[in-house]
Amino acid sequence: MYRALLLCVAGLLSLTVRADAIECSMCETWNREQAPFRIFGNTYYVGPRGLSSVLVTSSAGHVLIDGALPQSAPMIARHIQQLGFKMSDVKIILSSHAHYDHIGGIAELQKLSGAKVIASDLAADVLRSGKVGGNDPQLEIIKPSPASSNVENLGARQSIKLGELRLSVIHTPGHTPGGTSWRWQSCEAERCLSIVYGDSLNAVSDDSFKYSGDERYPKAKTDLLASIAAMAAARCDILIVDHPERTGLSTIIDEHGKGDRSRLIDASACKRYAAESKQNFDKRLAREKQGG
Ligand SMILES: [Zn+2]
């Protein structure tokens, strides 16, 4: 009886704590536990198993990219601490694209760290309001995210600097109008590699949107093609994408964070990701042509 009551109170508590949790068909699978691990040098994976979140550290503070779902935020914060870092040292939070499965946790992570959120001008609007812009291809189906505070527009900057860290911007609009990928260098001993955090490059939309031409977002097709070309051209020794299964991360690193990290190094990864994205986009355009 007492135990049942305790369980009930615990259940209620978790309900109150996670009032902002988002439900979706994939959310539970995406949010499974993944022990944090070093990707290379000062770059660490801190996300749940199915949604990437990456920490890049420096003596002047850290940069976090993506916050997964709202319910992922406590897990990401715990992972950062498990690796021996302090949340208060996270100074900047960046993102790939402003959908709930990548920016959902950012509002809480921002509160826990006091970090500044920096995003492309279009994504910054979504982060501030929690609602996607009227030009989003998934406008009719996408769920809102918790609104973030202390959001700064990226503007025309080509890179973000923090101490010795420099993360270069690769604009990757198309999946969303404000999508962004990031590139930086990490070193282990004498070896330095170029790491890319890749945004989604797939043409997902609600039923009414057409990538081949739509008043809602007329540049969607040219944007996505340019983003795919930019990904193919990026200097890239390690690629981590926002949905990690797209590059088979889970086949290299298990849920305990164990695996052969050297297999993450693949100088053709960005080119392959771009080529697969182009193939999928061509198929989508062909379907639209057939009226499908
Ligand atoms: Zn998305």
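Residue numbering for the sequence shown follows the numbering used here, beginning at 11 and increasing consecutively. Note that CB positions come from ideal geometry on N, CA and C, so glycine has one too. Predicted model, so just to flag it, every value in this text is computed and none were measured.
Checklist entry - Whole-angstrom Cβ separation of L234 and A213, contact assumed at under 8 Å? => result Indexing the sequence shown from 1 puts residue 234 at position 224. Indexing the sequence shown from 1 puts residue 213 at position 203. The pair is a contact, with the Cβ atoms about 6 Å apart (cut-off 8 Å).
Item to check | Extent of the continuous alpha helix (DSSP H) to which N290 belongs | outcome: Counting from one through the sequence shown, the residue named residue 290 turns up at place 280. Run containing N290: A279 to K299, per the alpha helix (DSSP H) assignment.
Next on the checklist: In the DSSP assignment, the alpha helix (DSSP H) including R245 goes from what residue to what residue?
Outcome noted: Locating residue 245 in the sequence shown gives position 235, counting from the first residue. No alpha helix (DSSP H) holds R245; DSSP gives it neither H nor E.
Item to check | C-beta contact flag for D216 and Q148 at 8 Å | outcome: Position 206 of the sequence shown holds residue 216. Position 138 of the sequence shown holds residue 148. A contact, by the Cβ cut-off of 8 Å.
Item to check | Buried/exposed call for P228, threshold 16 Cβ in 10 Å | outcome: Walking along the sequence shown from the start, residue 228 turns up at place 218. By the 10 Å Cβ count, P228 comes out exposed.
Next on the checklist: Please return the same chain residues whose Cβ sits closer than 7 Å to the Cβ of S158, not counting the five positions on each side in sequence.
Outcome noted: Position 148 of the sequence shown, counted from the start, is the residue given in the question as residue 158. Contacts found: I116, A117, Q120, V127, L137 and R138.
Next on the checklist: So, with DSSP's three-state summary, where would you put K96?
Outcome noted: Counting from 1 along the sequence shown, the entry for residue 96 is found at position 86. DSSP places K96 in coil when its eight states are reduced to three.
Next on the checklist: Per DSSP, what are the beta-bridge partners of C197 in this structure?
Outcome noted: Numbered from 1 along the sequence shown, position 187 holds the residue referred to as residue 197. According to DSSP, C197 bridges with C202.
Next on the checklist: By the DSSP assignment, the alpha helix (DSSP H) with A129 in it spans what residues?
Outcome noted: Indexing the sequence shown from 1 puts residue 129 at position 119. Element bounds for A129: not the alpha helix (DSSP H) but the beta strand (DSSP E), K126 to A129.
Item to check | Residues of its chain near D30, where Cβ-Cβ distance is below 6 Å and the 5 sequence neighbours each way are ignored | outcome: Mapped onto the sequence shown, residue 30 falls at position 20. P80 and P156.
Next on the checklist: Can you tell me where the alpha helix (DSSP H) holding T257 begins and where it ends?
Outcome noted: Within the sequence shown, residue 257 is the residue found at index 247, counting from 1. Segment: none, T257 is in no alpha helix (DSSP H) and carries neither H nor E.
Item to check | Extent of the continuous beta strand (DSSP E) run through E162 | outcome: By one-based count along the sequence shown, residue 162 stands at place 152. Taken as a continuous stretch (DSSP letters only), the beta strand (DSSP E) holding E162 covers V161 to N163.
Checklist entry - Nearest to R176 by alpha carbon, out of D76, K293, M97 and H72? => result Working through the sequence shown from its first residue, we reach residue 176 at position 166. When each option's Cα is compared against that of R176, the closest is H72.
Item to check | Neighbourhood of R245 by C-beta, 6 Å cutoff - its chain only, sequence neighbours within 5 removed | outcome: Position 235 of the sequence shown, counted from the first residue, corresponds to residue 245. Cβ neighbours of R245 beyond the five flanking positions: S204.
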